[in-house]
Amino acid sequence: FFGHLKDEVDYKSCKTIKELKAKINHYMVYYNNYRYQWNLKKMTPIQYEATEKVQFKGS
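Counting from 1 along the sequence shown, just add 28 to a position and that's the residue number in my numbering.
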C-alpha cells in the first residue's frame with residue numbers, strides 16, 4: 029500500500045498537513061474501493077473481502 033501511495037499521490041504539492049491528510053484519505057478510499065489488485069484475483073479489496081466471506085459462510 030505505502031509504495032503505491034508514494035508513487036500515485038502527489039504529496040509534495042501539499043502545503044499543509046491538513047491537505048496531506050485529505051489526499052491520503054482520498055487515496056485510501058480509492059485504493060480500497062476502486063483500485064483492482066492483481067494478487068486479489070483482479071478485484072478491489074472490498075470486493076475480495078465480500079467474496080471470501082460468502083465462500084466462508086457457504087463452506
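All residues carry an ideal CB built from backbone N, CA and C; glycine is no exception.
Whole-angstrom distance between residue j and residue i, CA atom to CA atom
| i | j | result |
| --- | --- | --- |
| residue 65 | residue 73 | 7 Å |
| residue 40 | residue 34 | 10 Å |
| residue 42 | residue 48 | 6 Å |
| residue 50 | residue 44 | 10 Å |
8 Å contact criterion, which residue i and residue j should meet: CB distance rounded
| i | j | result |
| --- | --- | --- |
| residue 58 | residue 29 | That pair is no contact at about 12 Å. |
| residue 77 | residue 55 | Rounded, the Cβ-Cβ distance is 19 Å, inconsistent with contact. |
DSSP bridge partner residues for residue i (one or two, in chain order)
| i | result |
| --- | --- |
| residue 71 | 65 |
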